[in-house]
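Quick note, the sequence shown lines up with residues 1 to 102 if you use the UniProt record's numbering. One structure is given below, encoded as structure tokens.
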Amino acid sequence: MESREHDFLPEETVDEVALMFKTLSDPSRIRILYLLSQEECSVGHIAEVLKMTQSAVSHQLGYLRTLRLVKVRREGNSMIYSYEDDHVISLMKQAIQHAEHR
Numbered sequence: 001m002e003s004r005e006h007d008f009l010p011e012e013t014v015d016e017v018a019l020m021f022k023t024l025s026d027p028s029r030i031r032i033l034y035l036l037s038q039e040e041c042s043v044g045h046i047a048e049v050l051k052m053t054q055s056a057v058s059h060q061l062g063y064l065r066t067l068r069l070v071k072v073r074r075e076g077n078s079m080i081y082s083y084e085d086d087h088v089i090s091l092m093k094q095a096i097q098h099a100e101h102r
């Protein structure tokens, strides 16, 4: 049998991809990211639109901020969230499109 050379992904890359898919495996995070892909939102607005508690939204936004998938800015007394990573939003939208056309 002939031996071939193979390209292998660096372990760090594999871990990053696995973490990204793990992040997108949570329905609440998908809903939040999808909403943020359409408009910037406060925690209260996200909670109202998605029918979640503000505590649950804050928890998920904290997780998404840690991974640098969302960013926040102050507007008066409000904190306004938006998505930060175009690549993850694109991947999520491709997965949504795939699911809707099955």
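Quick reminder that beta carbons are idealized off the backbone N, C-alpha and C, glycines included. These numbers come from a predicted model, not from an experiment.
Item checked: 4 or more residues per run - each alpha helix (DSSP H) lying fully within the UniProt domain "HTH arsR-type" (9-102) -> 11-23, 27-38, 43-50, 54-66, 86-100
Check: Using 8 Å as the Cβ pair cut-off and three pairs as the minimum, do the segment 49-69 and the segment 23-35 touch?
Finding: yes
Next item on the list: Give the C-beta separation of S58 and V72 to the nearest angstrom, bearing in mind that I take them to be a contact with Cβ-Cβ under 8 Å.
Entry: Locating residue 58 in the sequence shown gives position 58, where the first residue counts as 1. Locating residue 72 in the sequence shown gives position 72, where the first residue counts as 1. S58 to V72, Cβ: 11 Å. No contact.
Margin query: Let me make sure I understand the geometry here. Which of E5, R4, L19 has the alpha-carbon closest to that of E11?
Written below: The sequence position of residue 11 within the sequence shown is 11, counting from 1. For the residues E5, R4, L19, the minimum Cα distance to E11 belongs to L19.
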